[in-house]
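Everything below concerns the one structure shown next.
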Amino acid sequence: MRQYPFKRGFKPTEERLEEAIKKHFGDFKKEGDTYIVSFGAIEELRLRIENKKLVAESKTNPKAPNDVAMNTIKTYNKFLEELTGYTAKERQKLLKKEIERD
1 MRQYPFKRGF KPTEERLEEA IKKHFGDFKK EGDTYIVSFG AIEELRLRIE NKKLVAESKT
61 NPKAPNDVAM NTIKTYNKFL EELTGYTAKE RQKLLKKEIE RD
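Just so we're aligned, residue 1 is where the sequence shown starts under the UniProt record's numbering, counting upward by one.
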């Protein structure tokens with residue numbers, strides 16, 4: 001499970017989450033406040049907003065071909081950047097800071 005904070009100006013709303021999921025992944029299922037997506041090398045991706053953060057839990061297919069895996073990563077990173085406002089590099093820096101605090 002990963003938690004992604006939202007940059008100032010990027011609202012953590014279910015409406016924005018739903019729009020971003022439709023744009024990047026297409027169809028989804030919803031169980032309560034959790035959105036469930038299957039895309040490329042991701043067998044199941046569960047997304048929800050909790051305490052003003054995006055919570056993501058994923059199950060990936062380790063046997064997916066390299067090109068499918070690369071496309072999945074690119075799409076997922078674009079999705080996260082559009083939704084949270086943080087690039088992959090910025091998310092990495094935030095994670096390092098969080099680890100150093102612990």
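Ideal Cβ placement from N, Cα and C applies to all residues, glycine included.
Q.
For residue 41, count the other beta carbons within 10 Å of its own beta carbon; 16 or more makes it buried, fewer makes it exposed. Which is it?
A. Buried, because 16 or more other Cβ atoms sit within 10 Å of the Cβ of residue 41.
(Q) Let me check one thing: in DSSP terms, what residues is residue 3 bridge-paired to? (A) Bridge pairing for residue 3: 55 [DSSP].
Q | Cβ contact check for the region 5-20 and the region 78-88: 3 or more pairs under 8 Å | A | Enough Cβ pairs lie closer than 8 Å, so yes.
Q | Cα-Cα separation, residue 119 to residue 56 | A | Because the chain in this structure spans residues 1 to 102, residue 119 falls outside the shown range and cannot be described.
Q. Short check: CB of residue 3 to CB of residue 47, under 9 Å?
A. In this structure, the beta-carbon distance from residue 3 to residue 47 does not fall below 9 Å.
Q) Do residue 75 and residue 39 come within 9 Å of each other at the CB atom, strictly closer than that value? A) The answer is yes: Cβ separation under 9 Å.
Q | C-beta atoms of residue 116 and residue 11 nearer than 9 Å | A | Since the first and last residues shown for the chain are 1 and 102, residue 116 lies out of range.
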